[in-house]
Amino acid sequence: MRTSRTLGLVMIAPAALMILLFFLMPVVLTAVFSFTSMTTATGISGGAYQVTPNSLIALKDEMPDVVQQLTEPRYVIDEDGIKGLEGLGLEPGIAKELHEKHLGEVFPSRREAERMIKDLEDRPSTREVKQISEQFNRSVANLRFSNKEELFASLDKFGIKMTPEQKESLAKATYTGWSWTTENFSRIASSPDMAQVLFNTLLYVALVLVLFNTSYAMLLAIWTHYMPDAPAAIFRSVWLLPRITPVVIYVLMWKWLAWDTGFISTLMSKFGYPPKNYLLDNAYNAWFFVVLINGFIGASMGMLVFSSALKAIPKSQFFASEVDGASRWQQIRYIILPQMRWPILFVTCYQTLSLLASFNEILLSTRGGPGKATEVWSLAAYHTALNNYAGNLEYGLGAAMALVLVAIGIILSLAYLRVFNYAALVARPLIED
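At position 199 of the sequence shown (counting the first as 1) the number is 198 in numbering that gives the first Met the number 0, and the numbers step up by one without a gap.
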C-alpha cells in the first residue's frame with residue numbers, strides 16, 4: 000500500500016511541478032509586482048537617487064525654500080576644481096593658496112566666489128577670475144547617488160540645510176528605483192478611465208456571454224439535437240471553424256468584411272453610401288463587430304458542451320413525452336433545461352473567466368478603439384504593462400490591474416456556484432440514502 004502511494008506521488012510530481020511553475024507562480028508574482036512602483040524608468044532592480052526637474056516640481060509646494068536652493072548652483076572649492084586649474088596656465092600660487100586657505104568653502108553665488116578669487120595674493124585678471132570660478136561650479140541637480148547617505152552628504156557639502164523630515168521627503172521624491180506601495184490600487188479606484196474600462200468589460204462579458212456563449216450555443220445544440228445525425232455533424236463542424244481558425248486569420252476575415260475597402264462598404268456603395276471602416280468609425284459599430292467576432296468563437300464551444308450533455312439524456316424520456324403528446328417546446332422546458340444545469344454552470348463560469356482574460360480579438364480588430372470605446376480590462380492591463388504609446392511601461396500598475404481581474408473572476412465564480420446551487424448538484428442522490 001505504501002509503495003503504491005509513493006508511486007502515485009512520483010507519477011503526479013511532474014504535473015504538480017508544471018502547475019506550480021506555470022499557474023501558481025505567475026499569479027503569485029503578479030500579486031507581488033502589483034504592490035510595487037516598477038516601470039520602464041525604474042527597472043526591476045534597485046535604483047539610484049537623482050535630483051531631476053520632475054522631482055523638484057513634485058516638492059515645490061511642500062518645501063519651496065529647499066527647492067529654490069537646489070535649483071541654484073553652488074561654488075565649492077574642492078580638490079577636483081583645484082586640479083582642473085592646472086590646464087589653464089595660471090600662476091602656481093593661485094592653486095596653492097586656494098588649497099591652503101579656502102579648501103572646502105562653499106559660496107552661494109558666482110559673484111561671492113569671484114570676489115574671493117579677486118582677493119588672492121597673485122591677483123588674477125578678470126578673464127582668469129571667470130575661468131577659475133567656472134572650475135568650482137557645482138550643482139546637485141542631475142547627479143546620481145547610489146544611496147541616501149551619499150545624497151545627504153552632497154547636500155551638506157553644498158551648504159544646503161534641511162531638516163531630517165525634509166531629507167526623507169527629498170530622498171523619496173528623487174529615488175529612481177521601484178518601491179513597495181499600495182498606490183496602484185488607489186489609482187485604479189480613483190481614475191475615471193479605469194471606471195470606463197470596467198464598464199466596457201462588464202458590457203463586453205455580458206453581451207457575449209448572454210447572447211452567444213450560452214443562449215445561442217444552447218439554441219444550436221438543441222437545433223442539432225433534433226436534426227438527423229449526418230447533417231447535425233456537418234453543421235457542428237462548420238460552427239467549429241471560428242474556434243479552430245488561427246485568430247489572426249479569423250480577425251483578418253472580419254476586417255475584409257468591415258474595412259472601408261471591404262465587402263460591406265462595396266455593397267453599400269451600390270446604394271449611394273460612402274465607404275467607411277465599420278470597425279472604427281464609431282463606438283456602436285465597433286461594439287457590434289467586437290461582440291460578433293468573439294460571440295461566434297464562444298458559441299461553438301458552448302454548442303459542443305451542450306450537445307454532449309443532450310446526448311447523455313436517456314432517449315426514453317423523449318419517447319415517453321411524445322407518447323404523452325408533449326411538444327418540442329415542452330420537451331425543452333421540462334426535460335432538457337432541468338437536466339442542463341451542470342453544463343450551463345460550467346459553460347457560464349468557464350466562458351466568463353475566458354472573456355475576462357481574453358483580448359486578442361479586440362487587440363487585432365479595434366485595438367480598443369475608436370478612442371478607448373472598446374478597451375476592456377485585460378487589454379488595458381496589457382497596454383499599461385507591456386505595450387503603450389507613451390513608452391513608459393508601468394509594470395506595477397499593470398500587475399495590479401491583472402490582480403483585480405483575478406479577484407473579479409473569483410467573486411463571479413463563487414456567485415455562479417451559489418446561483419446554480421452547486422451543493423445540490425454534487426450532492427448524493429436521494430435514492431442512495
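No residue lacks a Cβ here, since even glycine has one placed at the ideal position from N, Cα and C.
Discussion item. Could you pull the DSSP bridge partners for N434 from this structure?
Written reply: Since the first residue of the chain shown is 0 and the last is 432, residue 434 is not available in this structure.
Fill in: Spatial distance of W179 from T35 (CA atoms)
As a first step, residue 179 must be located in the sequence shown, where it is residue number 180. As a first step, residue 35 must be located in the sequence shown, where it is residue number 36. Rounded to whole angstroms, W179 to T35 spans 4 Å at the Cα level.
Item to complete: Tell me the start and end of each unbroken alpha helix (DSSP H) in the stretch 288-347 that is at least 4 residues and wholly inside, in chain order.
Response: Those alpha helix (DSSP H) runs which fall completely within the stretch 288-347 and span 4+ residues are 314-322, 327-330.
Worksheet entry | Contained alpha helix (DSSP H) runs [length at least 4] in the stretch 151-211, N- to C-terminal order | Residue ranges of uninterrupted alpha helix (DSSP H) with 4 or more members, entirely inside the stretch 151-211 and ordered along the chain, are 163-173, 182-189, 191-207.
Discussion item. To the nearest angstrom, how far is the alpha carbon of A311 from that of G294?
Written reply: Translated into the one-based positions of the sequence shown, residue 311 becomes position 312. Translated into the one-based positions of the sequence shown, residue 294 becomes position 295. Using only the alpha carbons, I get a separation of about 26 Å.
Worksheet item: From F157 to R126, what does the alpha carbon distance come to, in whole angstroms?
Response: For the purposes of this step, residue 157 is taken as residue 158 along the sequence shown, with counting starting at 1. For the purposes of this step, residue 126 is taken as residue 127 along the sequence shown, with counting starting at 1. Each residue's alpha carbon lies about 25 Å from the other.
Worksheet item: Can you give the Cα-Cα distance for P227 and F234, rounded to whole angstroms?
Response: Mapped onto the sequence shown, residue 227 falls at position 228. Mapped onto the sequence shown, residue 234 falls at position 235. In this model, P227 and F234 are separated by some 11 Å (Cα to Cα).
Discussion item. Only counting the same chain, and skipping five residues up and downstream in sequence, which positions put a Cβ closer than 8 Å to that of Q49?
Written reply: Numbered from its first residue, the sequence shown carries residue 49 at position 50. These residues qualify, in order along the chain: N141, L142, R143, F144, T173, T175.
Item to complete: Please go through the stretch 87-111 and give each complete alpha helix (DSSP H) segment of 4 or more residues, from N-terminal end onward.
Response: Taken in chain order, the complete alpha helix (DSSP H) segments of 4 residues or longer contained in the stretch 87-111 are 91-100.
Worksheet item: Along the chain, where does the alpha helix (DSSP H) that runs through A277 open and close?
Response: The residue labelled residue 277 in the question sits at position 278 within the sequence shown. In the sequence under discussion, the amino acid at residue 277 is Tyr, which differs from the Ala named in the question. No alpha helix (DSSP H) contains Y277, which DSSP labels as neither H nor E.
Fill in: Proximity below 8 Å, CB of M400 to CB of I187
Position 401 of the sequence shown holds residue 400. Position 188 of the sequence shown holds residue 187. When the beta-carbon positions are compared, M400 and I187 come within less than 8 Å of each other.
Worksheet entry | Cβ-based neighbour list, A40, same chain, cut-off 8 Å, excluding 5 preceding and 5 following | On the sequence shown, position 41 is the one that residue 40 refers to. Cβ within range, chain order: T175, N391.
Practice prompt. Let me know if Q329 comes out buried or exposed under the rule of 16 or more other beta-carbons within 10 Å of its beta-carbon.
Written response: Taking the first residue of the sequence shown as position 1, residue 329 is located at position 330. Residue environment for Q329: exposed (fewer than 16 other C-beta atoms within 10 angstroms of its C-beta).
Practice prompt. Indicate the three-state DSSP secondary structure (helix, strand or coil) for F419 in the structure shown.
Written response: As a working note, residue 419 is residue 420 in the sequence shown. In this structure, F419 counts as coil in the three-state DSSP scheme.
Discussion item. Using C-beta distances below 8 Å, list every residue in its chain close to E96, excluding the 5 sequence neighbours before and after it, in chain order.
Written reply: Walking along the sequence shown from the start, residue 96 turns up at place 97. Same-chain partners within the cutoff: L119, E120, D121.
Fill in: Reduced DSSP category for Y48 - H, G, I as helix; E, B as strand; rest coil
Looking up residue 48 in the sequence shown gives position 49. DSSP places Y48 in strand when its eight states are reduced to three.
Discussion item. Can you list, in chain order, the residues of its chain with a C-beta nearer than 6 Å to that of A94? Leave out the 5 residues immediately preceding and following it.
Written reply: As a first step, residue 94 is located in the sequence shown; it is residue number 95 there, counting from the start. Close CB contacts of A94 within its chain, under the 6 Å cut and outside five residues either way in sequence, are with I81, L84 (chain order).
Discussion item. Using the three-state DSSP reduction, which class does T373 fall into: helix, strand or coil?
Written reply: Translated into positions along the sequence shown, residue 373 becomes position 374. DSSP, reduced to helix, strand and coil, places T373 outside both helices and strands of the structure shown, so it counts as coil.
Practice prompt. Tell me whether the beta-carbon of V196 lies closer than 8 Å to the beta-carbon of A379.
Written response: Working through the sequence shown from its first residue, we reach residue 196 at position 197. Working through the sequence shown from its first residue, we reach residue 379 at position 380. Yes, they are a contact pair.
Discussion item. Please list the terminal residues of the continuous alpha helix (DSSP H) segment that includes D228.
Written reply: Numbered from its first residue, the sequence shown carries residue 228 at position 229. In the DSSP assignment, D228 falls within the alpha helix (DSSP H) that extends over 228-243.
Worksheet item: Taking all protein chains shown into account, do 16 or more other C-beta atoms lie within 10 angstroms of the C-beta of A319, making it buried, or fewer, making it exposed?
Response: For this step, residue 319 is matched to residue 320 along the sequence shown. It counts as exposed.
Worksheet entry | Coil, strand or helix - T39 by DSSP | Here residue 39 is taken as the residue at index 40 of the sequence shown, counted from 1. Looking at T39 - three-state DSSP - the assignment turns out to be coil, as it is neither helix nor strand.
Item to complete: Starting from K254, trace the alpha helix (DSSP H) both ways and give me its first and last residue.
Response: The residue given as residue 254 occupies position 255 in the sequence shown. First-last of the alpha helix (DSSP H) with K254: 246-257.
Worksheet item: For K314, which option in I335, L303, S299 has the closest C-alpha, if you only look at C-alpha atoms?
Response: Locating residue 314 in the sequence shown gives position 315, counting from the first residue. It is I335 whose Cα lies nearest to the Cα of K314.
Worksheet item: Are V66 and N199 touching if we call contact CB-CB under 8 Å?
Response: Translated into positions along the sequence shown, residue 66 becomes position 67. Translated into positions along the sequence shown, residue 199 becomes position 200. Their beta carbons are not under 8 Å apart, which means V66 does not touch N199 by this criterion.
Discussion item. What does the alpha-carbon distance come out to for the pair F345 and S364?
Written reply: Here residue 345 refers to the residue found at position 346 of the sequence shown. Here residue 364 refers to the residue found at position 365 of the sequence shown. About 28 Å.
Worksheet item: With 16 other CB atoms within 10 Å as the buried threshold, where does Y272 fall?
Response: Within the sequence shown, the letter at position 273 stands for residue 272. Label assigned to Y272: exposed.
Worksheet entry | From T244, N212, R327, E360, residue whose alpha carbon lies closest to that of L303 | Within the sequence shown, numbered from 1, the residue matching residue 303 stands at position 304. Nearest to L303 by C-alpha distance, out of T244, N212, R327, E360, is N212.
Worksheet entry | Identity of the residue in A356, S132, I56, L404 nearest L89 by Cα | Indexing the sequence shown from 1 puts residue 89 at position 90. Selected option, being the one with the closest Cα: S132.
Discussion item. Less than 8 Å between the C-beta atoms of L402 and S33, yes or no?
Written reply: Reading the sequence shown from its first residue, position 403 is the one you call residue 402. Reading the sequence shown from its first residue, position 34 is the one you call residue 33. Yes, they are a contact pair.
Item to complete: Count the other CB atoms, across all protein chains shown, that sit within 10 Å of the CB of Y388; report buried if there are 16 or more and exposed otherwise.
Response: Taking the first residue of the sequence shown as 1, we reach residue 388 at position 389. When all chains shown are included, Y388 counts as exposed.
Worksheet item: What do you reckon, are the CB atoms on L87 and Q130 nearer than 8 Å?
Response: Position 88 of the sequence shown, counted from the first residue, corresponds to residue 87. Position 131 of the sequence shown, counted from the first residue, corresponds to residue 130. It is a contact, given that the beta carbons lie within the stated cut-off.
Discussion item. Given this structure, state the Cα-to-Cα distance separating R417 from G397, to the nearest angstrom.
Written reply: Taking the first residue of the sequence shown as 1, we reach residue 417 at position 418. Taking the first residue of the sequence shown as 1, we reach residue 397 at position 398. R417 and G397: Cα-Cα distance of roughly 31 Å.
Discussion item. Within the continuous alpha helix (DSSP H) that includes F21, where are the two ends?
Written reply: By 1-based counting over the sequence shown, the position of residue 21 is 22. For F21, there is no enclosing alpha helix (DSSP H), as DSSP marks it with neither H nor E.
Practice prompt. Could you tell me if A406 is buried or exposed, where buried requires 16 or more neighbouring beta carbons within 10 angstroms of its beta carbon?
Written response: The residue given as residue 406 occupies position 407 in the sequence shown. By the beta-carbon neighbour count (other beta carbons within 10 angstroms, threshold 16), A406 is exposed.
Worksheet item: Near A112, which residues of its chain fall below 6 Å by C-beta distance, leaving aside the five closest residues on each side in sequence?
Response: In the sequence shown, counting from the first residue as 1, residue 112 sits at position 113. Closer than 6 Å at Cβ, skipping near neighbours: Y74, F106, S132.
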